[in-house]
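S.K.:
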Amino acid sequence: MLEDLYNAIKNEEIVMPDEQSGLVKDNYVWSVLLHRGATPEGVFLHLPPGSYDHDLFTMSWGPTIAALSYVFDKSLDDNIIQKAIAGFRKCAMIAAHYGFSDVFDNLIISLCKFTTLSSEVRFTDTGMCTANFSWQ
């Protein structure tokens with residue numbers, strides 16, 4: 009019996025889960041997933057689509073607009089800038105869908121910072137242009 013155990017270990021190397029790859033790892037991960045799903049903590053609740061969309065957008069709109077503004081400001085690639093603009097549009101559409109006027113206002117303020125809409129431009133007697141950029 010001891011010899012059979014020795015030969016089994018010798019012929020079929022024991023591989024720890026972290027060392028596995030490919031199909032062996034996939035099978036192991038699948039069996040762990042099935043085992044966890046059989047416990048009370050593994051119960052999966054089915055909810056209607058969009059159940060948490062309102063709450064998720066409420067929590068994420070601020071950092072999203074900040075990230076899009078940073079990318080829009082720092083990027084030199086036209087494709088990246090277009091994607092940032094598309095992100096601004098999508099944020100505006102979601103804000104309009106849920107009636108979040110404060111989000112829409114914040115979005116407009118963020119976009120105005122990239123224009124001269126929030127500046128006072130004055131021409132001096134010498135013909136030079138001076139600008140006072142302040143947002144209130």
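Every number in my numbering is 8 more than the matching position in the sequence shown, counting from 1.
Every residue, glycine too, gets a C-beta built ideally from N, C-alpha and C.
1) Is it buried or exposed, Trp69, if we count other Cβ atoms within 10 angstroms and call 16 or more buried?
2) Got a sec, what are the start and stop residues for the alpha helix (DSSP H) Ile22 sits in?
3) Measuring only the C-alpha atoms, how far is Pro45 from Phe65?
4) Determine the contact status of Leu76 and Ala94, defining contact as a CB-CB distance below 7 Å.
5) Measuring CA to CA, which of Leu119, Thr47, Thr124 and Ser109 is closest to Ile73?
6) Please classify Ile102: is it buried, with 16 or more other beta-carbons within 10 angstroms of its beta-carbon, or exposed?
7) In chain order, what residues of the same chain lie with their CB nearer than 6 Å to the CB of Ser83, ignoring the 5 residues before and after it?
8) Quick one: Cα of Glu11 to Cα of Ile22, how far?
M.R.: A quick look at the data gives this:
1) Taking all protein chains in view, the Cβ of Trp69 is crowded by 16 or more other Cβ atoms within 10 Å, so the residue is classified as buried.
2) First-last for Ile22: undefined, no H or E at that position.
3) The identity of residue 45 in the sequence shown is Gly, whereas the question assumes Pro. When rounded, the separation of the alpha-carbon atoms in Gly45 and Phe65 is 29 Å.
4) One thing to note: Leu76 has its Cβ no nearer than 7 Å to the Cβ of Ala94.
5) Comparing Cα-Cα distances from Ile73 to each of Leu119, Thr47, Thr124 and Ser109, the minimum goes to Leu119.
6) When all chains shown are included, Ile102 counts as buried.
7) Hits under 6 Å: Ile89.
8) Taking the straight line joining both Cα atoms gives about 17 Å.
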